[in-house]
Amino acid sequence: MVSEPTIVSYVSKLISMLPPGSVKDVYVASPHKAFVEVDRRSIDEAVAVAYWSLGGFLSTMVGVDMRPRESGFRVYYVLSIEEGISGEKLWLVIWCRVPWHDPKYPSSTPRVPAANWYEREVRDLLGIEAENHPDPRRLVLPDDWPDGLYPLRNDFEYCERPPGRPSRYRFMPEKVEGDGIVQVAVGPVHPLADEPAQFRLFVDGEKIVDVDYRMFFVHRGIEKLGSSKLTYNQVPFIAERICGICGYAHACCYCQAVEEALGVEVPERAQYIRTVLLEVERIHSHLLNLGLACHLAAFDWGFMELFRVREIAMKIAEILTGGRKTYGMNVVGGVRRDIPIDRAKKVLDMLKELKSEYLKVLDAIASNRLLQSRCENVGVLPRGVARSLSVVGPVARGSGLPRDTRYDHPYAAYRELGVKPIVESGGDVWSRLIVRAREVLQSIEIIEHALDRMPLGPIVAEKIEPRDMVHGIGAVEAPRGEDVHFVIVRRDSRLFRWRVRASTYNNWPAIPYMSRGYTIADFPLIVASIDPCYSCTERVIVVDVKRGLVKELSYDRIVYMCRKRGVANVDS
Amino acid sequence: MSILKVVRHSIKRGVVTILYPRVPIEVDEFYRGLPKLDPRLCIGCGACANACPPEAIRVEDRDGRKVWRIFYGRCIFCARCQEVCPVGAIELSKEFEAASRSREDLVFEAIFEGAKCRACGRYTGVTRREVELAKEILSLSETPRELVEKLSEYASMCSDCKRKLLREKLAGVWRGGGS
């Protein structure tokens with residue numbers, strides 16, 4: 004347990020390291036969380052101090068349009084303090100007010116690279132400019148979206164459809180010089196992305212020199228919908244549709260955020276049921292990713308076998324929730340379906356089968372080097388880069404960072420069950436796979452414990468008191484890493500602001516660092532190693548800049564290249 | 079380095095896929111498939127339409143009748159409708175094969191006759207079954223019999239007529255003659 008003075012000592016350290024007078028207000032919300040309001044001009048300084056000196060990771064950043072309640076905007080940086088002096092894990096929220104007539108604040112990105120995407124997103128959606136941001140391009144909004152129109156502002160209706168304008172996105176490598184650099188475009192829909200994404204590879208022969216990307220082609224406006232049309236009890240059902248694989252984690256994360264904001268006590272049994280379902284989801288997601296890695300390494304036997312084993316996990320989900328996906332289970336205050344004893348017994352039997360089958364398959368996969376030879380020393384993400392980008396989940400743990408929300412900020416029943424993060428230090432694709440492979444076994448153990456120790460009692464909170472303009476932060480360790488939801492709840496059972504940060508959001512910016520120096524054939528494997536979902540169509544455009552040649556390759560072709568480790572024939 | 083282990087494993091495993099469309103897939107006992115309405119039980123109250131998060135179920139007025147309508151294309155199989163139904167008319171079936179070539183196949187409608195006002199003869203906006211159920215609940219309650227009869231009368235009137243009646247009664251009380 005963390006005593007109150009700890010968070011106070013962190014805040015006073017932060018204050019002492021900032022120029023005098025820059026901290027305006029401090030609000031200690033709980034022994035683990037504090038909101039620090041700083042002056043707009045020193046927000047970058049405050050974030051950098053909290054990130055590097057207090058050992059923080061950037062978990063999310065939120066821009067909020069507070070009008071008409073206040074005369075302007077707010078910008079929140081949510082930092083998870085994990086590498087602190089005394090090892091405590093805390094939430095530190097650093098925020099500032101931004102006036103409406105001058106919506107600007109200094110950018111933290113030059114000193115904290117993890118803030119890059121967040122600040123661009125806030126600029127796109129709310130029109131709050133981060134000054135001195137190194138990347139002036141759009142991130143979230145489509146390129147043909149009209150200038151000066153910001154969809155997350157309160158004066159923008161959720162159903163508005165503005166006319167487009169012609170435009171073009173400019174891909175730019177960080178530092179690429181010299182002749183003979185050829186651009187290879189991967190996308191607009193990547194085979195392994197959970198969102199369609201367009202990658203531009205800058206290659207020298209076969210070697211990747213740099214990578215640039217354009218994403219958010221399917222930005223669906225879920226946040227806007229959640230904070231305008233829906234009531235907060237409807238939102239869990241759309242929250243779980245944010246992702247097709249780790250949907251339950253999002254619903255759980257959202258409910259935790261609202262529960263925290265409204266001060267709802269979730270019954271213990273509901274906490275255990277949530278834990279069980281989260282772990283079932285992790286098993287099936289990790290088995291999917293391990294299978295896909297085998298597929299891309301042209302080791303289809305492993306792919307088929309792991310998917311066969313995964314089917315048991317899907318069946319467990321069906322028994323527990325009534326659907327093959329763990330959907331429709333969460334409401335604010337608890338869960339909707341209980342786990343009776345006979346079903347729990349059935350699940351335990353199936354888990355035993357899953358474990359033995361899984362170990363057999365792993366043993367067979369490990370008996371030869373087909374997979375290992377493709378993954379070892381490929382896509383290395385050094386620990387330092389991982390730290391500066393605040394990567395999450397198996398990507399962080401594969402690079403030696405012991406980050407696991409279940410351990411750092413225990414939620415549901417993880418405090419009682421005690422989870423230790425599984426860490427590998429290699430930083431390559433293989434390490435990330437090993438982390439996942441070991442986590443499947445860990446998840447099986449957690450489910451067994453949880454089903455065993457589950458206390459009796461109600462599964463949903465009786466009463467929920469409305470509160471006005473309260474903040475809540477929910478964090479859940481989804482299969483791919485930490486999901487963070489930030490909510491501001493209004494009295495009329497709607498949301499004032501709902502900010503979703505999926506785990507892959509923090510992991511994508513690491514792709515260029517992982518890819519530099521490796522070949523085009525390794526690229527799909529590297530992208531797969533951060534575990535994005537599989538999308539169906541894929542086109543690859545190969546552009547030879549010197550001759551202006553454009554060639555499109557089919558999805559089959561790039562997967563074939565990856566599997567055969569083949570050579571891209573750019574000229575033909 | 080032995081690929082033999084893999085081969086041995088596969089031979090031992092044998093065929094695991096099934097001939098799905100020809101061999102049906104068995105789902106769990108409490109599976110959540112397509113929601114099915116039992117029109118014999120439904121009273122057309124619209125509780126399910128209120129609860130449905132994606133608005134797959136809607137209840138609309140059509141010439142005094144209530145039309146209950148589900149579009150399976152929007153359904154997310156959350157079972158909220160089943161949870162809130164006061165008469166247990168909706169149940170999530172074990173059926174999951176909803177694929178179809180036409181959109182119309184995914185729509186299911188049930189039409190309920192509207193109740194007419196006892197006084198003016200216009201539609202009241204509720205269904206006959208709702209009125210009947212309200213009367214039934216009243217008669218089963220411990221309310222005094224006279225009051226039950228009086229309330230049952232109100233139940234089959236439109237809101238305009240109810241207001242008129244109340245107004246007249248209040249005026250009667252005001253004059254000192256009301257009951």
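Going line by line, the protein sequences match chains A and H.
In case it helps, the numbering used here puts the first sequence at residues 4 to 575.
In case it helps, the numbering used here puts the second sequence at residues 79 to 257.
Just so you know, even glycine gets a beta-carbon here, dropped at the ideal spot from N, CA and C.
The Cβ neighbour count for residue 90 (chain H), taken over all protein chains shown within 10 Å, is under 16; the residue is labelled exposed. Note that the C-beta distance between residue 171 (chain H) and residue 240 (chain H) is not below 8 angstroms. Judged by their CB atoms, residue 109 (chain A) and residue 46 (chain A) are nearer to each other than the 8 angstroms cut-off. The DSSP-derived three-state label of residue 48 (chain A) is helix.
Burial of residue 134 (chain H) is indicated by the presence of at least 16 other C-beta atoms within 10 angstroms of its C-beta. Within the region 43-97 of chain A, the complete alpha helix (DSSP H) runs of at least 4 residues fall at 46-51. Here DSSP, grouped into helix, strand and coil, assigns residue 339 (chain A) to coil. The beta carbon of residue 237 (chain A) falls within 8 angstroms of a beta carbon belonging to chain H, placing the residue at that interface.
DSSP assignment within the region 197-238 of chain H yields the following whole alpha helix (DSSP H) runs of 4 residues or more, N-terminal first: 206-218 and 223-233.
In the three-state DSSP reduction, residue 193 (chain H) falls in the strand class (E or B). Its Cα nearest to that of residue 528 (chain A), the residue A:299 stands out among A:488, A:455 and A:299. Distance from the CA of residue 235 (chain A) to the CA of residue 55 (chain A), rounded to the nearest whole angstrom, comes to 36 angstroms. Against chain A, the CB of residue 108 (chain H) has a partner CB under 8 angstroms away; the residue lies at that interface. Closer than 8 angstroms to the CB of residue 250 (chain A) there is not a single CB belonging to chain H. Taking a cut-off of 8 angstroms on C-beta distances, the region 473-493 of chain A touches the region 254-271 of chain A, as three or more cross pairs fall below it. At a beta-carbon threshold of 8 angstroms, the residues of chain A lying near residue 156 (chain H) are 240, 330 and 331, ordered along the chain. In this structure, the alpha-carbon of residue 127 (chain H) lies about 6 angstroms from that of residue 137 (chain H). For the region 313-327 of chain A, the set of positions with a beta-carbon nearer than 7 angstroms to some beta-carbon of chain H reads 321, 322, 325 and 326 in chain order. For residue 371 (chain A), at least one C-beta of chain H is nearer than 8 angstroms to its own C-beta. If you keep only unbroken beta strand (DSSP E) runs of at least 3 residues inside the region 96-152 of chain H, you get 113-115, 135-140 and 143-149. Shown in chain order are the members of the region 345-364 of chain A whose Cβ falls below 8 angstroms from a Cβ of chain H: 363 and 364. In the DSSP assignment, residue 213 (chain A) falls within the unbroken beta strand (DSSP E) covering 210-217.
With contacts defined as CB atoms closer than 8 angstroms, residue 322 (chain A) and residue 346 (chain A) qualify as a contacting pair.
When Cβ-Cβ separations below 8 angstroms define contact, residue 113 (chain H) makes no contact with chain A. Put simply, the CB of residue 367 (chain A) is near chain H, with a gap under 8 angstroms to one of its CB atoms.
Taking C-alpha positions only, residue 85 (chain H) is separated from residue 370 (chain A) by approximately 11 angstroms.
About 5 angstroms separates the CB atoms of residue 513 (chain A) and residue 394 (chain A); that is less than 8 angstroms, so the two are in contact. Going by beta carbons, residue 272 (chain A) and residue 128 (chain A) fall outside the 8 angstroms limit. In the DSSP assignment, residue 225 (chain A) falls within the unbroken alpha helix (DSSP H) covering 225-229. Flagged as an interface residue toward chain H: residue 311 (chain A), by a C-beta distance shorter than 8 angstroms. Taking all protein chains shown into account, residue 443 (chain A) has 16 or more neighbouring C-beta atoms within 10 Å of its C-beta and is therefore buried. Under the 8 angstroms criterion on CB atoms, residue 131 (chain H) is classed as interfacial with respect to chain A. A buried status is given to residue 342 (chain A), since no fewer than 16 other beta-carbon atoms sit within 10 Å of its beta-carbon. Boundaries for residue 33 (chain A): no alpha helix (DSSP H) harbours it, while the beta strand (DSSP E) harbouring it runs 26-33, taken from the DSSP string.
A straight line joining the alpha-carbon of residue 228 (chain A) with that of residue 161 (chain A) spans about 6 angstroms.
Annotation for residue 396 (chain A): no beta strand (DSSP E) segment contains it, though the alpha helix (DSSP H) segment containing it runs 396-401.
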